[in-house]
Amino acid sequence: MEKTFLMVKPDGVQRGLVAEIMGRFERRGFQLVAAKLLQVSQEQAERHYEEHHGKPFYDNLIKFITSGPVFAMVWEGDDIITLSRTMIGKTNAAEAQPGTIRGDFAASTRLNLIHGSDSPESAEREIANYFSPDELVVYTKTI
Ligand code: CMP
């Protein structure tokens, strides 16, 4: 079963969209493995966005993601990395389709509400950046 790292960014937390966003993944049938509200440290932010280091928007990205609490989650499901990115919608606000999280709630490429891992390698790295192994609760559905 595939796992992914999803994070409601400071704009999503402050706009009160955590439950709305979690609900979409629950209703789609994915399984919650871990979740917590946390303040991203400078070091965690730099590790999280290392692939964007040197880009024009990098400094603002670090400032934004450390500007307030985020809601970090691990979810599990078949093909969840691809499916969750479809549910999240395009990074560019102008291209995010209605029906996606960004298309329904975000009008800004910078304040785009949620991050989702883009590959199994990123998911593994990102999960380890925010969660210790004993925080992941893996279980089999009984009902
Ligand atoms: P995300 O896909 O979670 O990770 C990279 C982030 O960089 C992206 O969300 C946006 O928030 C941000 N980003 C990407 N392109 C731009 C841009 N041109 N200007 C500002 N922020 C950007």
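Residues in the sequence shown are numbered consecutively from 1, following full-length UniProt numbering.
The C-beta atom is built at its ideal place from N, Cα and C for all residues, glycine as well.
As the structure is a computational prediction, the values presented were derived from the model and not from experiment.
Check: Hey, Val70 and Val40: beta-carbon distance below 8 Å or not?
Finding: yes
Next item on the list: Using 7 Å as the cut-off, classify the Cβ of Thr66 as near or not near the heavy atoms of the ligand CMP, replying yes or no.
Entry: no
Checklist line | Own chain partners of Gln42 with C-beta closer than 8 Å, once the 5 adjacent residues on each side are dropped | finding: Ile62, Thr66
Check: Counting only runs that start and end within the segment 9-65, where is the alpha helix (DSSP H) found for 4 or more residues in a row?
Finding: 10-14, 18-28, 42-48, 58-65
Item checked: Cβ neighbour criterion (16 or more within 10 Å) applied to Ser117 -> buried
Check: Any chance the segment 115-134 sits against the segment 23-30, with 3 or more Cβ pairs inside 8 Å?
Finding: no
Margin query: Just to confirm the assignment, what range does the beta strand (DSSP E) spanning Phe71 have?
Written below: 70-77
Notebook entry, point to check: With distances taken from CA atoms, which of Gly54, Phe25, Ile21, Asp59 is nearest Asp104?
Noted result: Ile21
Next item on the list: Tell me whether Met87 sits in a helix, a strand or coil according to DSSP, three-state version.
Entry: helix
Check: For Ala123, which residues of its own chain have a beta-carbon under 7 Å away from its beta-carbon, when the five flanking residues on both sides are left out?
Finding: Lys3, Thr4, Phe5, Ile81, Ser117
Check: What residues are listed by DSSP as bridge partners for Glu2?
Finding: Gly77
Note to self: Quick check: what's the CA-CA separation for Met7 versus His115?
What the structure shows: 5 Å
Item checked: Whole-angstrom distance between Tyr58 and Glu51, CA atom to CA atom -> 10 Å
Next item on the list: Consult DSSP for Thr142 and reduce its assignment to one of helix, strand or coil.
Entry: coil
Next item on the list: Check Thr109 in the structure and name its three-state DSSP category.
Entry: coil
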